[in-house]
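Beneath this line is the structure, given in structure tokens, with notes to follow.
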Amino acid sequence: MKKVLIIMGSDSDLVTMRNACQVLDELQVGYEVHVSSAHRTPQRTAQLAAGAAAADFGVIIAGAGGAAHLAGVIAAETTLPVIGVPIKSGALVGFDALLATVQMPAGIPVATVAIDGARNAGILAAQILALADSDLSVRLQSFKQNMVAGVEAKDEKLQKLGVDGYLAQK
Ligand code: RP5
100 MKKVLIIMGS
110 DSDLVTMRNA
120 CQVLDELQVG
130 YEVHVSSAHR
140 TPQRTAQLAA
150 GAAAADFGVI
160 IAGAGGAAHL
170 AGVIAAETTL
180 PVIGVPIKSG
190 ALVGFDALLA
200 TVQMPAGIPV
210 ATVAIDGARN
220 AGILAAQILA
230 LADSDLSVRL
240 QSFKQNMVAG
250 VEAKDEKLQK
260 LGVDGYLAQK
């Protein structure tokens, strides 16, 4: 199975980006994680992105805060799908990263998840890889079924305990 390449602009992004790693572990999808900045190490970032397809990666997740050009710079260097994670940071608490990641000009798409949405980035990466991997597709179906069961269990508990009782048990 192809792997997911996860790149983030700084080690300060790691706490957020760990959520992508965790869900990829849950789904048994292989990945590598690197710190490489669009601004501080532009050549290294370009090399990582340009070499990703040959290194057997099938999707790239790029997380960055600030005026976050990382995902776009990576997308410029590869034909692999790139998922951008805007990271909450700085004076604008992620709004600048969201706009810089999502507002790509025509020709260089970046599939952008929510601010700090690294878990969804991991799930989306797995869904892309599952197009060519029926075992992973089955694991994703079971992952969704578990979510259904989780919500149903919560509603059942709410009906049983009522609002105050439910909140008292939380
Ligand atoms: C971006 O600037 C990084 O992705 C990070 O989110 C932000 C701050 O980086 P540090 O100053 O914490 O290294 O490049």
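In my numbering, each residue carries its 1-based index in the sequence shown increased by 99.
Heads up, the beta-carbon is just placed ideally off N, CA and C, and yes, glycines get one too.
Check                                                                                                                                       : Outcome
From the DSSP secondary-structure annotation, give me the bridge partner or partners of Q104.                                               : Sequence inspection shows Leu at residue 104; the Gln mentioned does not correspond to that position. Looking at the DSSP assignment, L104 forms a beta bridge with E131, I159.
Could you tell me which residues DSSP puts in a beta bridge with G264?                                                                      : Paired residue(s): none; G264 is not in a bridge.
Is P141 helix, strand or coil when you go by DSSP?                                                                                          : helix
How far does the beta strand (DSSP E) with G221 in it extend, from its first residue to its last?                                           : Note, G221: premise wrong, no beta strand (DSSP E); alpha helix (DSSP H) at 217 to 229.
Quick one: give me the first and last residue of the alpha helix (DSSP H) that I207 is part of.                                             : Element bounds for I207: n/a, residue is neither H nor E.
Apart from the five residues on each side of it in sequence, which residues of its chain come closer than 7 Å, Cβ to Cβ, to A175?           : I207
Using a Cβ-Cβ distance under 8 Å, would I222 count as near chain C?                                                                         : In summary, chain C is missing from the structure at hand, where a single protein chain is found.
Just reading off the beta strand (DSSP E) that I182 is part of, what are its end residues?                                                  : 181 to 185
Give the C-beta separation of L104 and A137 to the nearest angstrom, bearing in mind that I take them to be a contact with Cβ-Cβ under 8 Å. : Going by Cβ atoms, the distance from L104 to A137 rounds to 15 Å, so no, they are not a contact pair.
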